[in-house]
Structures are given as C-alpha cells and as structure tokens.
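Student: Here this note's numbering is used: position 17 in the sequence shown is 178, and no number is missing along the way.
One structure follows; several queries about it will come next.
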Amino acid sequence: MPAERCNTTMAHEEWNWTIGTVAAPFGIRGELKVRFETDFPERFEQTPAVFLRPKEGTGRVFQVERARPHKGQVLLKLKGIDTMTDAEAWRGAAVQVPRSQAVDLPPDSYWTSDIIGFEVVTGGGRRLGTLDEVLPYPAQDLLRVGEALIPAVRPIVVRVDVEARRIVVNPPEGLLPGEEPEHAD
Numbered sequence: 162m163p164a165e166r167c168n169t170t171m172a173h174e175e176w177n178w179t180i181g182t183v184a185a186p187f188g189i190r191g192e193l194k195v196r197f198e199t200d201f202p203e204r205f206e207q208t209p210a211v212f213l214r215p216k217e218g219t220g221r222v223f224q225v226e227r228a229r230p231h232k233g234q235v236l237l238k239l240k241g242i243d244t245m246t247d248a249e250a251w252r253g254a255a256v257q258v259p260r261s262q263a264v265d266l267p268p269d270s271y272w273t274s275d276i277i278g279f280e281v282v283t284g285g286g287r288r289l290g291t292l293d294e295v296l297p298y299p300a301q302d303l304l305r306v307g308e309a310l311i312p313a314v315r316p317i318v319v320r321v322d323v324e325a326r327r328i329v330v331n332p333p334e335g336l337l338p339g340e341e342p343e344h345a346d
C-alpha cells in the first residue's frame, strides 16, 4: 500500500483494527515477533504504518521498515524501535491499523468484530440475548450470549443476517444454561 494512503496523523481511536499482538522482541536490532490475528498475514508486508496499543498507557504510530514471515508469525521492524530493550517495552501491545485498511471480504462474509451486539435467536424465534463476545478456540469459535457459550459451527449457527443484525441458532438440547437434557429411562 502506498505510504500516501496511510494518514499517520489520524486520532488514536481511528487506529482500532487489530491485526496482531506483539509476542516478544526478536534479536538485538529491535524487531518485534508478532502473532497475527488475521487470515491475511501478507498484509503486514503491504502496511506502511501501524499503531502499537499497549494494554496500559498510550500507544503510538510507527512506520514499518520491513515485515517478514517467521515460523508462523511475522517479524516487524518499525522505525524508532532499534534495540531489544525498545522492543521489549511493546511486548503484549496490539498491532493496529485504521479500519479503512481492513481487507475486503468475499460476499456473505463478515468480520467477527462486526457481529458483536447482534440479537441471537433460536430457529423457533426464542430470543436468547445479544452476542457479547466471540471467543477464539482451536476447534471452533464460541459465541458468548450472556452466560451461554454457543459453538460457532454450521449445524448450530443456522444464519447470520448482517442487515437485520440477527444470528439464528439451533442449539442442541441441554446446551443453554438452565436447560437440562431429557434422559431416557
């Protein structure tokens, strides 16, 4: 992406699209080992600048000098982070870009962050609540609706209607809190 498309003077709130997390320093020259949180890791090589947002304190924008894949992660060299000590200070920080730089998705696809707050109902029309969080797990994501954890898999999640802001689910008996499965005697 050309540098002119990246406005590094944007307000910090506008740099809110997380594409990775700084896992650790790498080497002595200030490179950052980044766990990517994107299905498009090649985007790091095309991003002219990133915002590092620490868990506490204030973040800042850095120009990307280079990015390269490394053992399932990405190594980022950012202008102004030149030593292992500099890099260590950013351990755990979110690596963010402006939402306008999000990768275009195919039709009928959506970003999980966009469905937070959607109404969740059963196929029979029973309202379960609103989607509070999508929890990533190795086997599948879980949709947290109040105290309920609903596996985000095809037989259970029937439909995600982005326009209506509604998710239709078909949970198996006993999955939802307060439901006891019927036992055959």
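Where a beta carbon is used, it is the ideal one built from N, C-alpha and C, also for glycine.
Every value quoted in this text rests on a predicted model; they were computed, and no experiment measured them.
#1: For chain C, check one thing: does any of its Cβ atoms lie closer than 8 Å to the Cβ of R204?
#2: Please confirm if the segment 279-286 is in contact with the segment 322-341, defined as three or more CB-CB distances below 8 Å between the two stretches.
#3: How long is the line joining the alpha carbons of V330 and Y298, rounded to whole angstroms?
#4: Is A300 buried or exposed, if buried means 16 or more other CB atoms sit within 10 Å of its CB?
#5: Pull up the distance between the alpha-carbon of D265 and that of A228, whole angstroms please.
#6: Going by C-alpha to C-alpha distance, which of G181, L237, L292 sits closest to F201?
#7: Note down the Cα distance separating K359 from G284, rounded to an integer number of angstroms.
#8: Return the first residue and the last residue of the beta strand (DSSP E) that Q234 is part of.
#9: Out of R327, I328, V306, state which residue places its alpha-carbon closest to the alpha-carbon of L337.
Tutor: Let's see:
#1: In the displayed structure, chain C is absent; only one protein chain is listed.
#2: yes
#3: Inter-residue distance for V330 and Y298 is about 19 Å (C-alpha atoms, whole angstroms).
#4: exposed
#5: 21 Å
#6: G181
#7: There is no way to answer for residue 359, as the model of the chain reaches only from 162 to 346.
#8: 234-239
#9: V306
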